[in-house]
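Heads up: the structure comes next, in structure tokens.
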Amino acid sequence: MKPEPETIIRNFQKILHGADYNPDQWLDVPEVIDEDFRLMRVAGCNTFALGIFAWTSYEPEEGNYRFDWLQGIMDRMASQGNKVILATPSGSKPAWMSKRYPEIRRVNALGLRDPHTRRHNHCWSSRIFREKVRSINTELGRRFGNHPALGMWHVSNEYQGHCYCDGCLNAFYQWLEKRYGDLDSLNRAWWSTFWNHTFTAWDEIHPGDASLDGMQVDWLRFNSWQIGDFYQFETQPLKAFSPEIPCTTNFMTLSPRIDYGYLSQFVDVVSDDQYPRFDPDDTKLVEQAARIALKHDLYRCFKPGKPWFLMESCPGHPQWIKPNRLKRPGMHRLEMLQAIAHGAEGTCYFQWRKGRGGFEKFHGAVVDHDQNEQNRVFRSVVELGALYTKLTPVLGSRVRARAALIFDWEVRWNFETSRGPASENDAYQRVAVDHYQSLWKRSISVDVLRREQDFSAYDLLILPQTWALTDDFTSRLTEFVRRGGTVVATHYTGITNDTNLCYTGGFPGNGLREVFGIVDEEQDCLHSDEVRKIDPADRNELGLTGSMTASEVCSVLHLEGADALATFASDFYAGSAAITVNTFGDGRAYYVGARLSPEDVSQFYDKLIQTTGVVESVVPFRHPEGINIQRRSTSDHDYYFVQNFTDSSHKLPMKGLHWKRVEDGAEITTELEIHPFESQVYSCRSTQRS
Ligand code: GAL
């Protein structure tokens, strides 16, 4: 018999499907809770996150714990065969605690202590807060660590934010001392002679000052370190009582200020809160889908070979997206299956039931205020639950990619804190999406990696604006190309080291000038309404044709061995190279020295792939734009997730493929028809080598 695949929750061979459940809001209406348990069965939901904001219900006064209600809910979950992702409640501290121990409240950059408002706002270094967290987590671990319903620990909620109290500043100084050793080294690393910032004592440093960009990057790094440290502190008692139960903390997609790549090393399971908002009337839906696909692939690659899942999403419309347009029919399935297609093995919701009051009373939920199981949103959850049962064989399957793209918070921070370059308006992510979606449009699998991950075994490596380098990254990249790899880099590659100090001696720096055979001498940042034309060079080896358009930034390149594939057609740099290729060792290094339009980026990859065959689509046919096919494979089967992100029906030629539709077993051999915004899943015997 085939061994059962490793699943997110041990020995639970199901796609996780459930929601954040807050019965603590309904304890005085027990019939509502009874109805919840009935509806959970109807909905086909199997996993529930409990107690995320329940600290005061557990500990109404200091040291006086009450877990009876939770015990009752956990027991009912177990008897219904559901799993619980039990939260530690530090995401929102009790009001009595804020009042008695003001030091647990955060201090802002101006030195003012926050009042007790909202949530996610405790000080990271407060000794008292840590003691309180340890006590409550110990109680939870002791009482529920061996409960049969417990599947996973949900540590806190969406850790975020900075605290500038003396304790946190001191922790920052200690962290800096460990990193730099002494102030002389720190001053050199930050270029602190600039504007007379030279520090002669650690406590002269204040991270609220934006004038030293190296310091800004270190403050963000430190904050991620603080979060990682807090997470590990929180998990100690949980691990002590239940070493076998995985721990996670829910991340927030591509949040600009927290390095989830760094944090992913601490969690046992990667989980994300992603609220897609696919709207059939949105002309940018396809681009948005590609953007989310990139994020999903990044999350999939945080722990290569292991499944991840959506801790939060929404079957209806979140109340914070304006206007509160209803989620159109089909969109929920489209969004959820997109995550599964990219390696997720669960999609859960915020929230199970709409509350009657508070900020989120109109936030979408499985159970609406009408409590009606015929409700359209509820039915969409029921249908998805039924499909997930049929998709169980997908558990344990993996995506195999020959192309990798680097997306890294350290690079992003160095880029975005630098004044001058065209780094605003989310430029780091936008350029990454332009390149990623060129492959996504052709249904080519892509692994999205951080800089420190191993990319040596791929055939194609894409570096969108890899602004900051480390020596280690540079040498692995050089080796990758020397040994025959193909790399595509863009403008703003290799500008600084990791403390945002510019390389001297020509960009791309740190030796990459030789790999690419160019010097990127100047970068022209354009007004938002300006463009420059780029013309393909005669008989260029990729066969690029037609005029291309650049916006935002154009690099003025000098060739040092590379060939020009295209040149600028206007401005003082008319005639100089815009896109180049260099042979280095056995490999090829392409440089795209401008922000090309997404269509032109796509043309570039189309030609590159046609000419060199460096990577290939998961299907042997070309499909219309807006269709995406992802493949997940086990040792003997391939699963194809076919999704239509357009408002037209399309017929795809099967070209000799024999696929079986997972939902109804229908065999498809000649033509596959996919309707507007439809998602279908197929299986077939594997043809790939592992
Ligand atoms: C998340 C949060 C949830 C809920 C949700 C609403 O950021 O973790 O508790 O507030 O947003 O969309």
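Residue 2 is where the sequence shown starts when you use my numbering, and the numbers rise one by one after that. Built from N, CA and C at the ideal position, the CB exists for glycine as well. Given the structure is predicted, the values throughout are model-derived calculations rather than measurements.
Apply the 10 Å Cβ neighbour rule to Ser-476 and answer buried if 16 or more other Cβ atoms are within range, or exposed otherwise.
Within the sequence shown, the letter at position 475 stands for residue 476. Exposed, by the Cβ-count rule.
Given Gln-14, which residues of its chain have a CB within under 7 Å of its CB, disregarding the five upstream and five downstream residues?
Residue mapping note: residue 14 aligns to position 13 of the sequence shown, counting from 1. So the qualifying residues of the chain are Glu-5, Thr-8, Thr-393, Leu-396.
Should Tyr-174 and Gly-112 be called a contact, given that it needs their Cβ atoms to be closer than 8 Å?
Reading the sequence shown from its first residue, position 173 is the one you call residue 174. Reading the sequence shown from its first residue, position 111 is the one you call residue 112. Contact flag unset, no.
Considering only DSSP beta bridges, list what Ala-595 is partnered with.
In the sequence shown, the residue the question calls residue 595 occupies position 594. The partner list for Ala-595 (beta bridge, DSSP) reads Cys-555.
Is Asn-122 near the ligand GAL, in the sense that its beta carbon is under 7 Å from a heavy atom of that ligand?
As a working note, residue 122 is residue 121 in the sequence shown. No; taking the cut-off as 7 Å, the Cβ of Asn-122 has no heavy atom of the ligand GAL nearer than that.
Check the DSSP bridge columns for Cys-526 and list the partner residues they point to.
Looking up residue 526 in the sequence shown gives position 525. Paired residue(s): Val-554.
beta-carbon Gly-276 near the ligand GAL non-hydrogen atom, thresh 7 Å
In the sequence shown, counting from the first residue as 1, residue 276 sits at position 275. Correcting the residue identity first, residue 276 is Tyr in this sequence and not Gly. Checking the Cβ of Tyr-276 against the ligand GAL gives yes.
Between Ser-691 and Ser-636, what straight-line distance do the alpha-carbon atoms span, to the nearest angstrom?
The residue you call residue 691 lines up with position 690 of the sequence shown. The residue you call residue 636 lines up with position 635 of the sequence shown. Because Ser-691 sits at a pLDDT of 44, beneath the cut-off of 50, its placement in the model cannot be relied upon, and the point is left open.
Assigned exposure category for Pro-61 - 16 Cβ within 10 Å defines buried
For the purposes of this step, residue 61 is taken as the residue at position 60 of the sequence shown. Pro-61 should be labelled exposed.
Should Asn-415 be flagged as near chain D, meaning a C-beta pair shorter than 8 Å?
This model lacks chain D altogether; it includes just one protein chain.
Note down, one range per segment and in chain order, each alpha helix (DSSP H) of at least 4 residues found wholly within the stretch 283–333.
286–303
How long is the line joining the alpha carbons of Ile-137 and Tyr-66, rounded to whole angstroms?
Taking the first residue of the sequence shown as 1, we reach residue 137 at position 136. Taking the first residue of the sequence shown as 1, we reach residue 66 at position 65. Using only the alpha carbons, I get a separation of about 9 Å.
Is Lys-3 helix, strand or coil by DSSP?
Along the sequence shown, one-based indexing puts residue 3 at 2. Coil.
Below 7 Å, is the gap between the Cβ of His-321 and the nearest heavy atom of the ligand GAL?
Within the sequence shown, residue 321 is the residue found at index 320, counting from 1. Going by the sequence as given, residue 321 is Trp instead of His. Checking every heavy atom of the ligand GAL against the Cβ of Trp-321, one is found closer than 7 Å.
My output table needs one value for Asp-473: the three-state DSSP class, helix, strand or coil.
By 1-based counting over the sequence shown, the position of residue 473 is 472. DSSP places Asp-473 in helix when its eight states are reduced to three.
Tell me whether Ser-691 sits in a helix, a strand or coil according to DSSP, three-state version.
Stepping through the sequence shown from its first residue, residue 691 is reached at position 690. At Ser-691, the pLDDT of 44 sits below 50, so the modelled position is not reliable; the number obtained from the coordinates is stated separately. Three-state DSSP puts Ser-691 in coil, outside helix and strand.
Contacting residues, own chain, Cβ-Cβ under 7 Å from Asp-536 (five flanking each side not counted):
Numbered from 1 along the sequence shown, position 535 holds the residue referred to as residue 536. Hits under 7 Å: Ser-548, Ala-567, Thr-568, Ala-570.
How would you label Cys-302, buried or exposed, when you count the other beta carbons within 10 angstroms and need 16 or more for buried?
Here residue 302 is taken as the residue at index 301 of the sequence shown, counted from 1. Cys-302 comes out buried.
Alpha-carbon spacing of Ser-256 relative to Leu-71, whole angstroms:
Working through the sequence shown from its first residue, we reach residue 256 at position 255. Working through the sequence shown from its first residue, we reach residue 71 at position 70. Distance between the alpha carbons of Ser-256 and Leu-71: 32 Å.
Quick one: does the C-beta of His-364 sit closer than 7 Å to a heavy atom of the ligand GAL?
Indexing the sequence shown from 1 puts residue 364 at position 363. True, at least one ligand heavy atom lies under 7 Å from that Cβ.
For Ser-212 and Phe-646, I'd like the C-alpha separation in whole angstroms.
Here residue 212 refers to the residue found at position 211 when the sequence shown is read from its first residue. Here residue 646 refers to the residue found at position 645 when the sequence shown is read from its first residue. C-alpha separation (whole angstroms): 44 Å.
Asp-521 and Arg-452: beta carbons closer than 8 Å?
On the sequence shown, residue 521 is found 520 positions in, with the first residue counted as 1. On the sequence shown, residue 452 is found 451 positions in, with the first residue counted as 1. No.
Within this structure, are the beta carbons of Lys-442 and Gly-544 separated by less than 8 Å?
Within the sequence shown, the letter at position 441 stands for residue 442. Within the sequence shown, the letter at position 543 stands for residue 544. No.
Pairwise C-alpha distance: Cys-315 and Trp-321:
Position 320 of the sequence shown holds residue 321. Position 314 of the sequence shown holds residue 315. The straight-line gap from Cα to Cα measures roughly 12 Å.
Just checking Phe-351 against the ligand GAL - is the residue's beta carbon closer than 7 Å to any of the ligand's heavy atoms?
Taking the sequence shown and counting its residues from 1, one reaches residue 351 at position 350. Checking every heavy atom of the ligand GAL against the Cβ of Phe-351, one is found closer than 7 Å.
Going by the CB atoms, is the gap between Ala-469 and Val-412 shorter than 8 Å?
By one-based count along the sequence shown, residue 412 stands at place 411. By one-based count along the sequence shown, residue 469 stands at place 468. In this structure, Val-412 places its C-beta atom within 8 Å of the C-beta atom of Ala-469.
Have a look at Ile-129, Tyr-641, Lys-307, Arg-101 and flag the residue whose alpha-carbon is nearest the alpha-carbon of His-117.
Locating residue 117 in the sequence shown gives position 116, counting from the first residue. Checked all of Ile-129, Tyr-641, Lys-307, Arg-101; the closest Cα to His-117 is Arg-101.
What span of residues does the beta strand (DSSP E) with Met-153 cover, start to end?
Looking up residue 153 in the sequence shown gives position 152. Counting along the chain, the beta strand (DSSP E) containing Met-153 begins and ends at 151–155.
State the Cα-Cα distance for the pair Trp-56 and Ser-91, rounded to the nearest angstrom.
As a working mapping, residue 56 is identified with position 55 in the sequence shown. As a working mapping, residue 91 is identified with position 90 in the sequence shown. One C-alpha to the other measures close to 8 Å.
Residues near Trp-154 in its chain [Cβ-Cβ closer than 8 Å; skip 5 each side]
Within the sequence shown, the letter at position 153 stands for residue 154. Correct list, in chain order: Ile-86, Leu-87, Ala-88, Thr-89, Thr-236, Leu-239, Ser-243, Ile-246, Pro-247, Cys-248, Thr-249.
Using C-beta distances below 6 Å, list every residue in its chain close to Gly-510, excluding the 5 sequence neighbours before and after it, in chain order.
Counting from one through the sequence shown, the residue named residue 510 turns up at place 509. If we look at Gly-510 and ignore the five residues flanking it on each side, its Cβ neighbours are Gly-495, Tyr-504.
The ligand GAL heavy atom lying under 7 Å from the CB of Glu-336
Residue mapping note: residue 336 aligns to position 335 of the sequence shown, counting from 1. Not so, every heavy atom of the ligand GAL lies at least 7 Å from the Cβ.
Below 8 Å, can you find three or more Cβ-Cβ pairs linking the stretch 185–193 to the stretch 373–390?
Taking a cut-off of 8 Å on C-beta distances, the stretch 185–193 does not touch the stretch 373–390, as fewer than three cross pairs fall below it.
Name the DSSP bridge partner or partners of Leu-549?
The residue labelled residue 549 in the question sits at position 548 within the sequence shown. It is worth fixing the name first, because residue 549 is Met in this sequence and not Leu. In DSSP, Met-549 forms a bridge with Ile-535.
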